[in-house]
Amino acid sequence: MLLFVLRRLLYMIPMLFLLSLLSFAVMQLQPGDFLSKFALQLSQETMAQLRERYGLDEAVWVQYWKWIWGIVSRGDFGMSFETQQPVLAHLFLNGDRLGWTLLLTGIVFLFSWMLALPLGIYMATMAHSGRLWSWKSIVSAFKAPAARAQGPRPARWADGLRAIGVWLINALAMVGLSLPNFLTALLILWLLVAVFQVGQNFGLGISGLFDVEYRSAPWSFGKFLNFLWHLWPVVLVVGLGNIAQLIRYTRANVLDVLGEPYIQTARAKGLQERAVIYKHAVRNALNPLVSLLGFWIPLLFEGLLVAAFVFQLPVVEFAYWRALATEDQYVVMSGLLFFGLVLLLGNLLSDVCLALVNPRIRYE
Amino acid sequence: MKRILTLCLSLTLTLAWTGVSLAQEGTLPNPKVLSEDLFPDGFGVRGGTVVIDNVDNPRTFNPIIQFESSSDAVNAQLHATLLEGGFGTPDALAENFEVSDDNLTIRLILREGLKFSDGQPLTADDVLFTLNDVVFNPDVISRKTLWLINDQFPTVTAEDARTIVVSTQVAAPLVTLINLTLQEILPKHKLAQSVHKLNPSVPAGTFNETWNIGTPPSEIVGAGPFRMVSFVADQQVVLERNPFFWKVDPEGTQLPYLDQIILPVVSDDNVRLLRFINQETDIYGPVPEDLPVLQQRSSEGIRLIVGTQASTLGDNFFAFNQDVADANLRQLFRDVRFRQAMSHALDRQTIIDIFRNGLAEPRFGPGMSAEFWFGVQDDAGFPRKDLNLDKAQSLLDELDLPDADGDGIREFGASYPTPGQPVEFELIVPEGSRVLISEADFWAQDLETIGVRVQLNPISFNTLVGRVSTSRPADYEAVRIGIGGGGDPNLAADIYASKGPLHLYKFSDADDADVPEYQKQIDELFARQAVTDGDERFEVVAQIQSLLAENVPLIWIANGVGLLSFREDRLGNFAGIRLDATLNASEILFRKDLAQ
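Protein chains in written order, with this note's numbering: chain A, 14 to 377; chain B, 903 to 1498.
This is the structure we're talking about:
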């Protein structure tokens, strides 16, 4: 396993190098550059001075070579044209962007999986158990006792409640998958402001991670509560779509496994239903989900961008988006390397986790 | 007594200098006492905070190298200039100034006892440092070209710790005085070590990286009404009152009244509006689409100010490239009758009504009517080329542009280099703006009715700017664009003078090749207005506007009226602020709810 991990880490180096070339090429294909938007404000002499200062007057291959050599030789990812700061400081350290990004991504990840897995398992077991309302079971409830024995189990009120529960979860999943994150975010804000009037009624703010009076204040219980107030819309917006997908994946995988012969064997052996489901079915159903981890983490980063834009979150994605908009090229290229590295590490993580949960998988 | 030149600044009426000297307890020996008419809601009490969303993170805290509004929103509160407009008399850090009889020298006297926000004295040394070592320094990326008079910088010297002398080779005192109202005075004790000229141990150009957003707030020092407390990227900037500020109200209370200004970073327009409605912010700059929402909420303490005159800065226009490569189009665009026809075919009022909710004024020349200089465009006799399709048709008929094939589109006649070609041109528009594209399309439809076909082409803003302003000759046929700027006529020379860097409708004028007569007159008039004042300058500027309106080198469209909304239940003296200067008068704002 260790050799496998080391090998995968080494493979990342040429991958990232290719990614850097690709990102640089894409940047050069864009019309204009970082200074183009100032052409109507500044004199030609000032523009020439700026172009020389930022190295934009050099040949593109020279610009790329200087940048990549800076990374390799001294870990210098270049300078942000906008803020005149080193790229790493601008992208990750300003406003604790990396810290907030990891925290928010981690919270959303945990929330999504902790909510989606149980719901997906529940939906699968309910669908499999036949303990939900169906037309036949409802009709059977009105039959004479003697006739009921020949059909499905008569419907009970508890079955109805379960059916409503499953329907609600399905609806939630459909809404989460259908609504664009951007729209969900604005809808939440509109509800808070126009309907609940949280500012006038409760003195609560929207957007950002804290109300204005807490942003520069030291941590306290009040600041923590305020953080939770600002956190839930973010988690909802970013997590909703992910939860929906996870619920459906989990439900499908668990249903597949519940139909396997060894599950029947387990039941025939007299195991309790709980043990059948959680010890045998779910454990095997999770394997494909673990392999999705590698793709899930970049998806979370992408989802956080939309929330960041609406809720004004101090995260890496937002700084990266602004760099794209302003053609701050070294920030864009370095950011792309970062996200590429996240994807590669995520894939490696999922492969390692898969080996841990599935003893049949061994890497050499 | 030397002749004192009457100062005509862009933001005020013609003013005479008055020297004021009052000893104020606990403040400077000679603070600036603001006049009572700047306080429509009365004199405030000290205390309180105002919150105003900023559209983005500031890029730099160095006012010399800032080029964006998000930085200016912060830096404008931190620094002060030698002279100023908008606060009654023009004295600011300089308590008085005088111009020599020959107009070659301006002598300024600093107020006694001035201090920066860190308590260090502000003296003539700092003024010399700011101008000679920073602004005029070739290593520093500044707007130094604004100071050039006949390609030379002024000579700036100090007679003593409070007296500065600015001398020029050519008499152009107004240009220098205007620059003195715009130039922030920087602290030498904080910044000298980053200027290579004064500290050879640092590389040349180090100043351009100084005071970036990673700088500790305590290092950002100025003489403005506020000083920085903290900046958290993507979150907010917090400013607090500068305890050494040099202005007082008529009762002698040191300004500013407010304890703090907080500028949260909120990039999304919708979210800024929601936060204002949610009572999280105190001032908001609406777009026309926001008006119905805000008008409904007047009972919640929100007051909406809608200007009665156009007051947004800058010029918005269609331009024809008179140096275009196509010979037919070049001949056509250079004919004033064609440009007049194009202006007569533009239905400005309908564009305003449909695309701007009626909140704009038609323009037929540069600037905006709310400004003192440009109000002449509203006079009855001004040569406006307003909507008149019949007139447009008849002008085009004079230009040998018959519709030979009867398809509704004219063709170039025999007098053109390539006869028979259809009269059509490409109109490039920034692709990100729905309103600009819609306006251009609206005009294009009207042009088609008079036989001129337009190929509308939305392109990226960066590409458009490159084609229009960077290429020589410019690489476009027609463009829809807006150029921001201040209202002083001298700044308009960038566009309308032959050698102006933004003379984008005919860059070849700078080579003195085939310059039309009206353009030569305009160049002479621009040179004259820079060295005159008072009524004479007003007349000269009026003549420039008449020439431009008659010859229509640009097809001006409309300028928006000023829109601002604020919490009337919280803020006092906000109504006294110019509509396009949201926070330029932060020193007189106060919290009404604290005063009650």
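Where is the CB? At the ideal position from N, CA and C, for every residue including glycine.
Nothing here was measured: the structure is a model prediction, and the numbers come from that model.
For A:Q210, tell me which candidate among B:D1062, B:Q1181, B:T1047, B:L1033 has the shortest Cα-Cα distance.
When each option's Cα is compared against that of A:Q210, the closest is B:Q1181.
Where does the unbroken beta strand (DSSP E) through B:D1062 begin, and where does it stop?
Segment 1057 to 1062, the beta strand (DSSP E) holding B:D1062.
What does DSSP give as the partner residues of B:K934 in its beta bridges?
B:K934 is bridged to B:K1149.
Determine, for B:F969, whether the minimum Cβ-Cβ distance to residues of chain A falls below 8 angstroms.
Answer yes: the Cβ-Cβ gap between B:F969 and chain A drops below 8 angstroms somewhere.
Spell out whether any CB of chain A is found under 8 angstroms from the CB atom of B:I1122.
False, the Cβ-Cβ gap to chain A never drops below 8 angstroms.
Any idea what DSSP makes of A:L268, helix, strand or coil?
DSSP places A:L268 within a helical segment (H, G or I) once states are collapsed to three.
B:N998 - containing beta strand (DSSP E), residue span
Annotation: the continuous beta strand (DSSP E) that includes B:N998 extends over 996 to 1001.
Does any CB atom of chain A fall closer than 8 angstroms to the CB of B:V1104?
Judged by the 8 angstroms Cβ criterion, B:V1104 is not in contact with chain A.
Please decide whether A:N214 counts as near chain B, where near means a Cβ-Cβ distance under 8 angstroms.
It does not: the Cβ of A:N214 has no partner Cβ on chain B nearer than 8 angstroms.
Closer than 7 angstroms at the beta carbon, the chain B residues around A:Q57
When 7 angstroms is used as the limit between beta carbons, A:Q57 is near these residues of chain B: P1403, in chain order.
Tell whether a beta-carbon distance below 8 angstroms holds between B:S1448 and B:P1127.
Cβ atoms of B:S1448 and B:P1127: not closer than 8 angstroms.
Residue interval of the alpha helix (DSSP H) (run including A:T339)
Element bounds for A:T339: 329 to 339.
Name, going along the chain, the residues of the region 311 to 343 of chain A whose beta-carbon falls closer than 9 angstroms to a beta-carbon of chain B.
Within the region 311 to 343 of chain A, the residues whose Cβ lies closer than 9 angstroms to some Cβ of chain B are A321, F322, V323, F324, Q325, L326, P327, V328, F331, A332, R335, E340, listed in chain order.
The beta strand (DSSP E) enclosing B:V1327, as first and last residue numbers
Residue identity differs from the one stated: residue 1327 of chain B is Phe in this sequence, not Val. B:F1327 -> beta strand (DSSP E) spans 1326 to 1332.
Among A:L106, A:L174, A:E315, A:Y227, which has the Cα closest to the Cα of A:V438?
This structure does not reach residue 438 of chain A, given that chain A is present from 14 up to 377, and the question cannot be answered.
Roughly how many angstroms separate the alpha carbons of B:R1493 and B:L940, rounded to a whole number?
When rounded, the distance between both Cα atoms is 16 angstroms.
To the nearest angstrom, report how far apart B:P1268 and B:L1456 are at their CA atoms.
Each residue's CA atom was taken as its position, placing B:P1268 and B:L1456 some 9 angstroms apart.
So, using beta-carbon positions, are B:L995 and B:L1012 closer together than 8 angstroms?
Cβ atoms of B:L995 and B:L1012: closer than 8 angstroms.
Quick one: which chain B residues come within Cβ less than 7 angstroms of A:F51?
Residues of chain B with a Cβ closer than 7 angstroms to the Cβ of A:F51 are, in chain order, F969.
Around the C-beta of B:Q1421, are 16 or more other C-beta atoms found within 10 angstroms, so that it is buried, or is it exposed?
Flag for B:Q1421 reads buried.
Would you say A:I219 lies against chain B (beta-carbon separation less than 8 angstroms)?
It does: the Cβ of A:I219 has a partner Cβ on chain B nearer than 8 angstroms.
Examine chain A for any beta-carbon lying closer than 8 angstroms to the beta-carbon of B:V1367, and answer yes or no.
Closer than 8 angstroms: yes.
For B:D1435 versus B:L1082, is the C-beta spacing smaller than 8 angstroms?
For B:D1435 and B:L1082, no; Cβs fall outside 8 angstroms.
With respect to the alpha helix (DSSP H) encompassing A:A102, which residues constitute its N-terminal and C-terminal limits?
In the DSSP annotation of this structure, A:A102 is not part of any alpha helix (DSSP H), being labelled neither H nor E.
Please name the residue or residues paired with B:E1263 in a DSSP beta bridge.
B:N1461, per the DSSP bridge assignment.
The region 1174 to 1203 of chain B: positions lying closer than 8 angstroms to chain A by Cβ
Taking a C-beta cut-off of 8 angstroms against chain A, the contacting residues of the region 1174 to 1203 of chain B are L1176, R1177, I1179, N1180, Q1181, E1182, E1202, listed in chain order.
Distance check for B:L1079 and B:F1433, CA to CA, integer angstroms please.
Rather than Phe, the amino acid found at residue 1433 of chain B in this sequence is Val. C-alpha separation (whole angstroms): 11 angstroms.
Check the C-beta distance from B:I1087 over to B:A982 and give it rounded, since I have them as a contact under 8 angstroms.
That belief holds up - the Cβ atoms of B:I1087 and B:A982 are roughly 6 angstroms apart, short of 8 angstroms.
Identify which residue in A:L253, A:S229, A:L238, A:F37 has its Cα closest to the Cα of A:W126.
Minimum Cα distance to A:W126 is reached at A:L253.
What does the alpha-carbon distance come out to for the pair B:T1047 and B:L1033?
Whole-angstrom Cα-Cα distance: 12 angstroms.
Name the chain A residues whose beta carbon is nearer than 7 angstroms to that of B:F1363?
Chain A residues near B:F1363: K50.
Cutting at 7 angstroms between CB atoms, please list the residues of its own chain near A:F105, excluding the five before and the five after it.
For A:F105, where only same-chain residues beyond five positions count, the Cβ hits under 7 angstroms are L111, V329.
Could one say the Cβ of A:Q97 lies closer than 8 angstroms to chain B's Cβ atoms, at least one of them?
Residue-level contact by beta carbon holds for A:Q97 and chain B, with a gap shorter than 8 angstroms.
Nonlocal neighbours in the same chain, by C-beta distance under 7 angstroms from B:R1236, ignoring five residues either side:
Q1224.
Interfacial residues, the region 59 to 87 of chain A to chain B, with Cβ spacing under 9 angstroms:
For the region 59 to 87 of chain A, which is checked against every Cβ of chain B, the residues closer than 9 angstroms are T59, M60, Q62, L63, R66.
Identify, in the order they occur along the chain, each residue of the same chain with its Cβ nearer than 7 angstroms to the Cβ of A:L205, setting aside the five sequence neighbours on each side.
Residues V211, I219 of the same chain have their beta carbon placed closer than 7 angstroms to that of A:L205, with the five preceding and five following residues left out of the count.
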